[in-house]
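Written below as structure tokens is the structure these notes are about.
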Amino acid sequence: METARVIYARRSVRKFKTDPIPLDQVEFLLDAAQQAPSWMNSQSPRYFVINNRELIDKLADESCQGRRSLNILKTAPCAIFVCALPGNCGKGAATRDGKIPEWFMFDSALAVENLCLAATDRGIGSLIIGGYDPDIARKVIGIPDEMIPVCLIALGYPDEDPVAPPRLSKKDVVRVNGPAEAWK
Ligand SMILES: Cc1cc2nc3c(=O)[nH]c(=O)nc-3n(C[C@H](O)[C@H](O)[C@H](O)COP(=O)(O)O)c2cc1C
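Written out as structure tokens, the structure is:
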């Protein structure tokens, strides 16, 4: 698919068919994620792929308890738990008081969007899930302490065709030559 078409075609999918995603397709998505830019090429994101039904259900039941994401994740044949390995990421950008910007979250976001766009290209639906308990998810999957949970991604062939939620108009979000002049 042409890039612009993929960007506009991507939607958050919240209902999936049971069909598994072939491993070569999951690999395609991970390769796309790894092509994303990162702070000094630090490549801080890490990807924990879960395609075992029981483990996805356990992850959903325990880390998404009481949230809408629980039942969504339970229909997904595949989930990816994205975590960041901060390491030296952002160190060169430390402020005068020594604070290190959290560029690893930015790196992960770029990678996640690449992954979701690649999924769209292959007819695979995706949902970024921030509505989960990262500490519980960490325990369920066994994530080492040095890694920082970022998000879950639910993946599967779409069983719905979501309508695009409206976006703000450019005049609401863009200013030209300073804060006073709105986009016409
Ligand atoms: C950081 C982040 C966290 C999100 N968490 C959730 C979530 O927990 N549950 C959910 O249903 N959607 C979640 N979403 C999806 C957004 O609701 C969705 O992107 C937004 O409504 C726009 O719809 P679209 O993705 O179809 O363009 C999340 C998106 C982002 C970027």
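Here the sequence shown stands for residues 130 to 313, where the numbers follow the working numbering.
A virtual CB, placed ideally from N, CA and C, is assigned to each residue, including glycine.
As the structure is a computational prediction, the values presented were derived from the model and not from experiment.
Leaving aside the five residues that flank Ser-141 on each side, the residues in its chain whose CB is nearer than 6 Å to its CB run, in chain order, Leu-256.
Around the beta carbon of Ala-205, 16 or more other beta carbons lie within 10 angstroms, which makes this residue buried. Following the DSSP letters along the chain, one finds Ala-283 inside the beta strand (DSSP E) bounded by residues 277–285.
Runs of alpha helix (DSSP H) with 4 or more residues, each lying fully within the segment 166–237, are found at 182–192 and 198–202, listed in chain order. Across the set Val-241, Pro-308, Glu-183 and Lys-313, the C-alpha of Lys-313 shows the shortest separation from the C-alpha of Lys-300.
Remark: the shortest separation between the CB of Gly-260 and any heavy atom of ligand 1 falls under 6 Å.
Relative to ligand 1, even the nearest heavy atom lies 6 Å or more away from the CB of Arg-175.
Annotation: Ile-136 is outside any beta strand (DSSP E); the continuous alpha helix (DSSP H) that includes it extends over 132–138. The secondary-structure analysis by DSSP pairs Gly-254 across a beta bridge with Gly-285. For Ile-265 against Ser-192, the beta-carbon gap comes to about 4 Å, under 8 Å, which counts as contact.
For ligand 1, no non-hydrogen atom lies closer than 6 Å to the CB of Ser-298. Remark: the shortest separation between the CB of Ile-265 and any heavy atom of ligand 1 does not fall under 6 Å.
Boundaries of the alpha helix (DSSP H) around Arg-267: 263–270. Ranking Ala-293, Ile-282 and Pro-295 by CA distance to the CA of Phe-177 puts Ile-282 first.
Tyr-137 is classed as exposed because its beta carbon has fewer than 16 other beta carbons within 10 Å across all chains shown.
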